[in-house]
Structure formats: structure tokens, C-alpha cells
Amino acid sequence: MRILLFSGKGGVGKTSTAAATGLKLASLGYRTLVMSVDPAHSLSDAFDLEAGLFSSRTADPVPIVANLEIHEVNIQKEIKRHWNEISTYIIGLLRTSGLADVEAEELAIFPGMEELSAMMYVNQFRREGRYDVIVLDCAPTAESLRFISMPTTLEWYIKHIFPTERKLLKLMRPLANRVSPVELPQDSYFANIYDLYKKIEGIDTLLADPVKTSARLVTNAEKMVLKETQRAFVYFSLHGLTVDEIIVNRLLPEEAGQGFFAEARRNQQEVLAEVERYFAPVPARRVPLFETEVLGIERLRRLADVLYGAGEDPAAVTRTEPAYEFGKKDDHYEVRLRLPFAAKSEVGLYKKGDELVVEIGNFRRHVGLPTSMAALAPVRARLEDRLLIVEMKEAA
Ligand SMILES: Nc1ncnc2c1ncn2[C@@H]1O[C@H](COP(=O)(O)OP(=O)(O)OP(=O)(O)O)[C@@H](O)[C@H]1O
Ligand SMILES: [Mg+2]
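Take the sequence shown: its position 288, counted from the start at 1, is 288 in our numbering, and no numbers get skipped.
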């Protein structure tokens, strides 16, 4: 099963491109599911389904055309299905602080619940072998980053905090419930957490396997959007996900380059060139701005035709390695950069803001650094096969 993850800044066209990709895959004969992980669902709107504003019809996969289903994770339903013990406890806790029931219920939806629920489904569908491809329409970047880091966080919690906390509470409960103003969680609460963990177990390996999972970053050709796309690229790499494509959406077509929009188009073309330089060797697809919103199956198909060539397969595996990786070794950090060639010439390394710039001959690569490494300076580099390993240390 393949997983294609569509992420990017708010409003850039994630849902539209994910939906169009789903249609293309279905037409190629793949059993496809497009799943929305964004609490502000708009997948059914993109398909122009006649659904009420808060309809929960898509809380389970709904067939759209042959081979294509869509699914919008509905958090209220998921709470009943999967989070009962946890949310009952939290709601109880919030009530003791004087909150009304409805408010307490709203607040008991904590960050990450949607993402975790979606992951459980992905894992379940994988086990059942129900689909060939799952296209994930993610929430804007920050939330999708939480999505990809969630399994690691939960695993850490289960391994380190969970056992002690549980033991401690067992000891404390008889006493604490008499003196403490808040009820301590019952064993069922922990059983529920463990059960959830079991349901997402293995998903981190799935996400980090480039043959199974590819991330596609949707962007617009604007400086500010590009900055966020670059950050997303860094963090996806940091979490071991392979970004195999950048999709530059809403490009002003040539005929729009006159009069009022002339300057805007010039600007877009500049940013587009920057996108291609920055992300190379990851390719950038170009999608023009359409005359109208991309609503309904017909228009989504038009978008798919622009995105993919006639014989092209969006599920094809084109990159089997992330462009770069970060790691920590003994007393230093490392940036491991995959080079398209095995050159033995002079390597130039320098910092530019929070980016590491690597130059070999006339090859130049900008690597955005994660926060934990942004203050470090490159010390030396060595070449192993086609891997350039740059040591990073605190500047003396
Ligand atoms: N190439 C395009 N030409 C014209 N309109 C477009 C294009 N791409 C997307 N749109 C329209 O822009 C709006 C936002 O697109 P979409 O919902 O796909 O973005 P999104 O990244 O999913 O947004 P959000 O962050 O809110 O989930 C929609 O109305 C969509 O129809
Ligand atoms: Mg969207």
C-alpha cells in the first residue's frame, strides 16, 4: 500500500491537489482512499457533495466514483469510538473546574486527536489490505508536522512515562481520591492509551519508508509561502519522511502577465526559479491558476490532467531516499547530504542565516537547519560514497 501525504501552508491547494490525485489514481485502477486529516474538512466540498455544513456522512469512507472513496475523520465520532475512557476522564476533570458540560466536551478534544485517529485508520486499512493507495489531505503545515511526529512522541510516552505514572497512581489513588480535589484517572484510562498505542504501532516505520510513503509539498510562488514550504521540507526530512515532489500551484498564466498582474507574474516567476533551485533534485510540478475555483469532479479532473501526464502514475516511487538527513553523533551533530554525483573536489561550507550552504564545484545546495541545529557552524565534511557528511558544532 502506498501513502501519499499532501501538506503545505493554509489555502495553497492541498485539498484540491489531493482530491485530483485521488481521481487520477482511481482512473488508473488503484483502489484509492482520499482521507482528510484536517479538522476543517473541505474534501466533500471539493467534490461538491451535497452535504450539510456539518454533515458526518463522510465519517466513514464514502464511494465517489469507481475505485475512489473519501473519508473525513470526524472527531466527535472518533471520541465515541476510540477515546472514550480518555475523554471521559478529561471531561470529568474539566467539570470539576466549573465548566459546563458542552464546553468541557469541546475542550476535551486535545491537539493530535484527529491526527492519531487518522493514523489508526491508515494502520487498520493497511492491515486489512483494503486500499492500494491512501492519499492524505493534511491540515496546514504546523498540524501536519504534529501528525508525523506523533507516533514517536506517543511511543516515547508509552516507554518512559507511562509505566511509572501508572504504578505511581496505583499507589496513590486510595489516598489521593480522598484528599485531592480532582479524581485521578482510572486504570481504564491507561488501558485506553495503551490500546490506542497498539492501534498505531508500526505506523512510524511505514511513514519513514520511502517505498511506502511519499510527502508532497504544495506551495504557491510567493516568498512567504515558500519560506514555510522550506521549513516544512526541513522538518519532514528531520522526521525521516521523503518529500518526492513540490507542487507549485496557482501560477499566473502567460496571458495574465499584462497590465495589472504583470508585476505579480514577474514576481511569481522569480520565486518559481528559487523553488526549483532550492529543492533540487526534488522536482517541482507547476499548476496554473484556473479561471474558477476547482470544485466538483469535472474541474478536479482538469486539475489532475494538468498535474500529471497522460501515462503518468502519481503512486510511482521516484525517490527512495530523503535529500538529506540530520543526526547526532558523540559530541557533534551531522547533516548527511545525498549528492547526485561522487565528486572529489573542494567542498565549500558556510552558514547563511539558519541555512547551511554546501558548494562542490558548481553544485550548490541550501539546507535549512532545524531549530536545534540553527546556531551550529559547519566544522568539516567528508565524502562517503555519494553521501556528504557535514559535522556541525557550536561556533567557538
Ligand atoms: N490552481 C487553482 N486555480 C484556481 N483555484 C484554485 C486552484 N487551486 C486551488 N484553488 C481554489 O483555492 C481554494 C483553496 O484550495 P484548497 O482548499 O485546495 O486549499 P488547501 O490548501 O486545502 O486549504 P486549507 O489550508 O484551508 O485546507 C479552493 O477554493 C480551491 O478551489
Ligand atoms: Mg484543505
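Even for Gly, the Cβ is constructed at its ideal location relative to N, Cα and C.
Treat the numbers as computed from the prediction; the structure is a model and nothing was measured.
For residue i, the first and last residue of its enclosing beta strand (DSSP E)
| i | result |
| --- | --- |
| Ser214 | 213–220 |
| Ser36 | 32–36 |
| Leu376 | 376–384 |
| Ser7 | 2–8 |
| Leu68 | 68–72 |
| Gly311 | That residue, Gly311, is in no beta strand (DSSP E); it is neither H nor E in DSSP. |
| Gly11 | It is not in any beta strand (DSSP E) - Gly11 carries neither H nor E in the DSSP assignment. |
| Pro61 | Unbroken run through Pro61: none, as it is neither H nor E. |
CB-CB length for residue i against residue j, believed under 8 Å
| i | j | result |
| --- | --- | --- |
| Glu237 | Pro163 | Sequence inspection shows Ser at residue 237; the Glu mentioned does not correspond to that position. Rounded, the Cβ-Cβ distance is 32 Å, inconsistent with contact. |
| Arg265 | Leu289 | That pair is no contact at about 10 Å. |
| Ser44 | Thr58 | 5 Å |
| Ala316 | Leu272 | Ala316 to Leu272, Cβ: 24 Å. No contact. |
| Ala20 | Leu300 | 5 Å |
| Val37 | Val73 | 6 Å |
| Gly368 | Gln230 | 5 Å |
| Leu226 | Glu274 | 7 Å |
| Ile75 | Glu114 | 5 Å |
| Val306 | Val358 | Going by Cβ atoms, the distance from Val306 to Val358 rounds to 34 Å, so no, they are not a contact pair. |
| Gly327 | Arg319 | The Cβ separation is near 19 Å, so there is no contact. |
| Ile86 | Ile158 | Contact doesn't hold; Cβ gap of about 14 Å is too wide. |
| Ser42 | Thr15 | 5 Å |
| His366 | Tyr278 | 6 Å |
Where the alpha helix (DSSP H) through residue i begins and ends
| i | result |
| --- | --- |
| Ile193 | 187–200 |
| Gly368 | Counting along the chain, Gly368 falls outside any alpha helix (DSSP H), though it belongs to the beta strand (DSSP E) covering 363–368. |
| Trp130 | Here residue 130 is Arg; the residue named in the question, Trp, does not match the sequence. Here Arg130 belongs to no alpha helix (DSSP H), and DSSP marks it neither H nor E. |
| Ile158 | Taken as a continuous stretch (DSSP letters only), Ile158 belongs to no alpha helix (DSSP H), as it is neither H nor E. |
| Leu23 | 14–27 |
| Ser372 | Note, Ser372: premise wrong, no alpha helix (DSSP H); not H, not E. |
| Leu207 | 203–208 |
| Leu339 | First-last for Leu339: undefined, no H or E at that position. |
| Leu398 | The chain is shown from 1 up to 396; residue 398 falls before or after that span and cannot be answered. |
| Leu49 | Unbroken run through Leu49: none, as it is neither H nor E. |
Counterpart residues of residue i in DSSP-defined beta bridges
| i | result |
| --- | --- |
| Pro140 | BP columns for Pro140 are empty, so no partner. |
| Ile79 | Answer is none; Ile79 lacks a bridge partner. |
| Val347 | Ile360 |
| Lys352 | Glu355 |
| Ala41 | The sequence given here has His at residue 41, not Ala. DSSP, once it has assigned bridges, lists no residue as partnering His41. |
| Glu325 | Arg336 |
| Val65 | Leu68 |
Heavy atom of ligand 4 within 7 Å of residue i beta-carbon
| i | result |
| --- | --- |
| Ser7 | The model on display carries ligand 1 and ligand 2 but not ligand 4. |
Item to complete: Please determine if the segment 129–141 and the segment 18–30 are in contact, where contact requires at least 3 C-beta pairs separated by less than 8 Å.
Response: yes
Worksheet entry | 4-residue-minimum alpha helix (DSSP H) runs that sit fully inside the segment 229–295, ordered along the chain | 262–279
Practice prompt. Tell me, please, whether the segment 241–249 touches the segment 273–292 by the rule of three or more beta-carbon pairs shorter than 8 Å.
Written response: yes
Practice prompt. Check whether the segment 189–196 touches the segment 219–234, counting contact only when three or more Cβ pairs, one atom from each stretch, lie closer than 8 Å.
Written response: no
Item to complete: Indicate whether the contact test is met: 3 or more Cβ pairs, each with one atom in the segment 113–130 and one in the segment 77–84, closer than 8 Å.
Response: yes
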